[in-house]
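**Q**
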Amino acid sequence: MNEKLLNKIICTAYGDASIIDKLHVRLLALKNKEINALLLEYKKSAQLVHRMPEESVSDSVIRRVYSNLNLNNESNFVLKAKTFSFFYRRPIAASAALVVVSIIIAISVFIYNPVHKTEYKPEEIERAAVQANEVFKFVNNTFTNAGRTVKEDVIEKNVNKPINEKLNTISKIITKGEVK
Amino acid sequence: MKKILFFAFLFLFSSACLFAQKGNYTKEPGYVDISFLSEYTSGDNGSEVLIEEGMMKMLAQMTGGNDSSITGQLKAIKLIHLISFDAGGDVIKTMESKIADIDRDLLSKNWDRIAKTKSDKEYANIYVKSSGDGKFLGLFIASVNYKSGKTSFVNIVGNIDPAVIGKLPKEWKLPEMLKMKRDKNNGEKKEKED
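Protein chains in written order, with the working numbering: chain A, 4 to 183; chain B, 4 to 197.
1. Using three-state DSSP, classify Val35/B as helix, strand or coil.
2. Alpha carbon to alpha carbon, how far is Lys25/B from Met58/B?
3. State the DSSP-derived secondary structure class of Val60/A, mapped to helix, strand or coil.
4. Comparing alpha-carbon positions, which option in Asn171/A, Ser61/A, Ile12/A lies nearest Ala40/A?
5. Taking buried to mean at least 16 other C-beta atoms within 10 Å of its own C-beta, is Glu56/B buried or exposed?
6. Within 9 Å of any Cβ in chain A, is that where the Cβ of Gly169/B sits?
7. Strictly below 9 Å CB to CB, what residues from chain B border Ala20/A?
8. Check the Cβ of Val133/A against every Cβ in chain B and list those closer than 8 Å, keeping chain order.
9. So the alpha helix (DSSP H) Tyr17/A belongs to, where does it begin and stop?
10. By the DSSP assignment, the beta strand (DSSP E) with Asp148/B in it spans what residues?
11. Just to confirm the assignment, what range does the alpha helix (DSSP H) spanning Lys182/B have?
12. Would you mind telling me which residues of chain A sit closer than 9 Å to Trp175/B, beta carbon to beta carbon, in chain order?
13. Are the beta-carbon atoms belonging to Tyr43/B and Val94/B less than 9 Å from one another?
14. Taking Cβ positions, are Asn158/B and Leu77/B nearer each other than 9 Å?
15. Which word fits Gln50/A, buried or exposed, when buried means at least 16 other C-beta atoms lie within 10 angstroms of its C-beta?
16. Give me, in chain order, the residues of the same chain whose beta-carbon lies closer than 7 Å to that of Gly152/B; leave out the 5 immediate sequence neighbours on both sides.
17. Which residue wins for smallest C-alpha separation from Val35/B, given the options Lys184/B, Leu140/B, Gly169/B, Lys119/B?
18. Please classify Leu82/B: does DSSP put it in a helix, a strand, or coil?
19. By Cβ distance below 6 Å, which residues in the same chain neighbour Val52/B in space, the five residues on each side in sequence not counted?
20. Name, please, each residue of chain B whose Cβ falls closer than 9 Å to the Cβ of Tyr123/A.
21. For Lys25/B, which three-state DSSP category applies?
22. I need the DSSP call for Asp115/B, collapsed to helix, strand or coil.
23. Is DSSP giving Lys96/B helix, strand or coil here?
24. State the Cα-Cα distance for the pair Lys150/B and Lys124/B, rounded to the nearest angstrom.
25. Looking only at its chain, what residues have a beta carbon closer than 7 Å to the beta carbon of Arg185/B, apart from the 5 residues adjacent to it on each side?
26. Of the choices Lys192/B, Asn189/B, Lys195/B, Val167/B, whose alpha-carbon is the least far from that of Ala79/B?
27. Determine, using beta carbons only, whether Thr120/B comes closer than 9 Å to chain A.
28. Tell whether a beta-carbon distance below 9 Å holds between Tyr28/B and Leu82/B.
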């Protein structure tokens with residue numbers, strides 16, 4: 004058994020391993036009795052460690068430990084660790100931070116409305132006004148033409164003309180006295 | 004952990020919604036996608052006009068409040084899209100078949116065809132998209148002039164009052180005023196140069 008696998012087993016037992024590593028170790032434990040025994044043993048140790056109560060230590064003690072270990076930037080490290088643990092260990096704090104960020108984004112998007120704030124050059128405005136007017140003219144003409152087509156081509160040709168022809172025929176018949 | 008995931012999802016969803024609103028007229032019920040016709044406007048053969056909401060609002064502001072119906076109509080327009088080109092020979096037949104395709108598509112999407120005219124000179128279809136409460140949310144026109152070959156497609160998106168649209172070409176004075184102003188400025192510049 005290599006060191007890498009052993010580390011993976013320990014991490015899995017202590018609950019720090021990634022999901023892929025956990026699956027890998029579990030699969031190996033199912034296949035190999037030795038790995039399974041080792042995993043169970045480390046799990047027991049992990050349970051014991053996790054059961055141990057947390058001791059609160061003052062900052063001065065931590066500073067002394069770091070100075071004894073010759074670590075100069077211990078205060079930075081402690082701050083980073085505290086910040087990380089604040090967000091990592093407190094889901095409510097993380098959720099609240101997310102909510103605040105989303106509210107800020109929402110407000111900024113609503114206040115900053117790019118549709119109204121876009122700046123146009125005078126030439127662009129003039130061109131758009133002329134083009135829009137051309138489109139309105141086209142729409143108007145199409146409406147008018149459609150109405151004219153209905154009047155001239157449909158009503159005149161297909162309704163009025165045949166009716167007039169029939170009326171003329173009837174008139175001729177009446178004039179000739181064919182209808183008694 | 005579940006709470007974090009929930010809020011993260013909420014955050015991503017709300018941001019996506021907010022950013023999706025930005026100038027997106029393609030989701031409007033009165034929108035008709037005619038971008039596939041842009042290929043026919045290449046060169047001097049045709050022209051394409053695309054005026055979006057921001058510009059329409061600017062034009063409405065500049066028009067002022069002399070006629071509130073005109074200003075209101077300009078403000079309510081979210082998009083004007085015109086594609087116009089000269090179609091000759093076989094292209095006219097292709098356009099007729101494309102108009103027939105659009106006709107089927109629009110009718111299936113509950114657009115109302117308010118006019119379908121075909122004469123020796125012209126073939127034109129006019130459609131409106133109704134909101135159901137007496138408002139028009141979009142206007143679409145497809146027309147082919149058999150004599151000149153001029154083929155045009157127009158889509159106006161937004162709350163539309165056809166009566167106001169009808170009076171705009173005559174009563175909307177802004178385009179003329181802007182032209183006059185430019186001519187005046189050009190004249191003054193020339194005088195200074197001389």
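A virtual CB, placed ideally from N, CA and C, is assigned to each residue, including glycine.
These numbers come from a predicted model, not from an experiment.
**A** Looking at the atomic coordinates:
1. coil
2. Here the model assigns Lys25/B a pLDDT of 47, short of 50, so the residue's position is not dependable, and the following value carries that caveat. When rounded, the distance between both Cα atoms is 14 Å.
3. coil
4. Ile12/A
5. buried
6. yes
7. Neighbours of Ala20/A on chain B: none; closest Cβ ~16 Å, over 9 Å.
8. Pro178, Leu181, Lys182
9. 6-17
10. Before going on, a small fix: residue 148/B reads as Asn here, not Asp. Asn148/B -> beta strand (DSSP E) spans 139-148.
11. 177-196
12. Ala132, Ala135, Asn136, Phe139
13. yes
14. no
15. exposed
16. Asp89, Ala90, Gly91, Ile95
17. Leu140/B
18. strand
19. Leu85
20. Gly57, Met58, Met61
21. Summary for Lys25/B: the model assigns pLDDT 47, below 50, so the residue's position carries little reliability, and this model does not support an answer.
22. strand
23. helix
24. 6 Å
25. none
26. Val167/B
27. yes
28. yes
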